[in-house]
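The working numbering numbers the first residue of the sequence shown as 9 and each following residue consecutively.
For every residue, glycine included, the Cβ atom is placed at its ideal position computed from N, Cα and C.
Reading through the structure tokens given below for one structure.
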Amino acid sequence: MKKKCKRCGGYKPLSEFYKMKGPKLYLNVVRKDGVYHHCRECCREKARKYREKFREHDRKYHREYYAKNREKINDYYHEIKAPKDKVRRDRVKKTAFEVIADGKPIKCVQHKEWKCCVDPMNMDYLSLDHINGGGVRHYKEIGGGGSRVYKWIIKNPETAKKIFQIICMNAQWIKRKKNKEYTIGRKTEASVVRRGGYI
Ligand SMILES: [Zn+2]
Ligand SMILES: [Zn+2]
């Protein structure tokens, strides 16, 4: 079944139209097919034009709004948003670490006797390490570090178990320094790639 886009006039399958979200009654009465009158491409185009048109205005508005409400916004960020984000990040981190630990307790594989490394409640001291290096390149493939990596691990547990190990931040820095893996700005990628892959 094809539907005509009311903007570009093209006939396209329903999958080329964004689904409408709203009360059932409204959808049933007004749009039997439950999709918009404009095709996906046109919707994106519209949104892009809209953003362009109001870009300057938006920027100015946000800047002024921030200047006026600086304290309120900062308070909100530090007292409400940041802690909430951390809880959410930690939850994902824990799940990812559980994948890597593979049933064993979550702790640093290098300094098992250090208290900071074995406290499972405090994962702030722990980090992921690419067993065979190549982390920068791998992170680039995934599209960033941090939460993205944790999500990648949860999605690809079998591969991840072979690539990653858990070490504490101390061990992380020692290893980076020894292998010259530390970054100065963004200039180390070449050296990491030269050192070999992560698998
Ligand atoms: Zn269209
Ligand atoms: Zn350690």
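Query - Segment limits, beta strand (DSSP E) that includes Ser135 - result: Here the beta strand (DSSP E) through Ser135 covers Leu134 to His138.
Query raised in the report: Should Asp137 go down as buried or exposed, given a rule of 16 or more other Cβ atoms within 10 Å for buried?
Result: Burial call: buried.
Requested in this report: Run the proximity test for Glu72: is its beta-carbon closer than 7 angstroms to any non-hydrogen atom belonging to ligand 1?
Outcome: It does not: the Cβ of Glu72 is nowhere closer than 7 angstroms to a heavy atom of ligand 1.
Query raised in the report: Where does Pro91 fall in DSSP's three states?
Result: Of the three classes helix, strand and coil, the one that applies to Pro91 here is helix, per DSSP.
Query raised in the report: Does the Cβ of Gly18 have 16 or more other Cβ atoms within 10 Å, making it buried, or fewer, making it exposed?
Result: Label assigned to Gly18: exposed.
Query raised in the report: Taking C-alpha atoms, which residue in Lys89, Cys16, Leu22 and Ile174 lies nearest to Val107?
Result: Per the Cα distances, Ile174.
Query raised in the report: For the putative contact between Arg99 and Ser155, defined by C-beta atoms under 8 angstroms, what is the C-beta separation to the nearest angstrom?
Result: Not confirmed; about 10 angstroms, so no contact.
**Report entry** Close beta carbons around Gly205, own chain, < 6 angstroms, minus the five adjacent residues each side
**Finding:** At Gly205, the pLDDT of 44 sits below 50, so the modelled position is not reliable; the number obtained from the coordinates is stated separately. Closer than 6 angstroms at the Cβ level, and outside the excluded window around Gly205, lie Gly142.
Query raised in the report: Excluding the five sequence neighbours on either side, which residues of its own chain have a C-beta within less than 7 angstroms of the C-beta of Lys20, listed in chain order?
Result: Contacts found: Lys10, Lys11, Cys13 and Cys47.
Query raised in the report: Thinking just about the alpha-carbon of each residue, which of Asp110, Ile88 and Phe62 is nearest to the one in Lys169?
Result: Of the candidates Asp110, Ile88 and Phe62, the one whose C-alpha sits nearest the C-alpha of Lys169 is Asp110.
Query raised in the report: Taking 7 angstroms as the cut-off, does the CB of His46 come closer than this to any heavy atom belonging to ligand 1?
Result: Here the distance from the Cβ of His46 to the nearest heavy atom of ligand 1 is below 7 angstroms.
Query raised in the report: When burial is assigned at 16 or more other CB atoms within 10 Å of the CB, is Leu134 buried or exposed?
Result: Burial state of Leu134 is buried, judged by a 10 Å Cβ sphere holding 16 or more other Cβ atoms.
Requested in this report: Give a yes or no on whether the C-beta atoms belonging to Tyr73 and Tyr44 are separated by under 8 angstroms.
Outcome: By the CB criterion at 8 angstroms, Tyr73 and Tyr44 fall outside the cutoff.
Query raised in the report: Taking buried to mean at least 16 other C-beta atoms within 10 Å of its own C-beta, is Phe172 buried or exposed?
Result: Phe172 is classed as buried because its beta carbon has at least 16 other beta carbons within 10 Å across all chains shown.
Query raised in the report: What do you reckon, is the C-beta of Ala109 under 7 angstroms from a heavy atom of ligand 2?
Result: False, no ligand heavy atom lies under 7 angstroms from that Cβ.
Report task. Measure the C-alpha to C-alpha separation of Asn77 and Arg56 and round it to an integer number of angstroms. Result -> Their backbone Cα atoms lie some 29 angstroms apart in a straight line.
Query raised in the report: How would you write the range of the alpha helix (DSSP H) that Tyr73 sits in, first residue to last?
Result: Element bounds for Tyr73: Arg48 to Tyr84.
Query raised in the report: Looking only at its own chain, which residues have a Cβ that is under 8 angstroms from the Cβ of Asn131, when we skip the five neighbours before and after it?
Result: Strictly speaking, residue 131 in this sequence is Met, with Asn absent from that position. Excluding its 5 nearest sequence neighbours in each direction, Met131 has C-beta neighbours in its own chain below 8 angstroms: Asp98, Lys101, Lys102, Phe105 and Ile114, listed in chain order.
Query raised in the report: Roughly how many angstroms lie between the CA atoms of Glu53 and Lys61, to the nearest whole one?
Result: Taking the straight line joining both Cα atoms gives about 12 angstroms.
Query raised in the report: What are the boundary residues of the beta strand (DSSP E) that includes Pro21?
Result: Here the beta strand (DSSP E) through Pro21 covers Tyr19 to Pro21.
Query raised in the report: Does the beta carbon of Ile175 fall short of 7 angstroms from some heavy atom of ligand 2?
Result: Yes - ligand 2 has a heavy atom lying nearer than 7 angstroms to the Cβ of Ile175.
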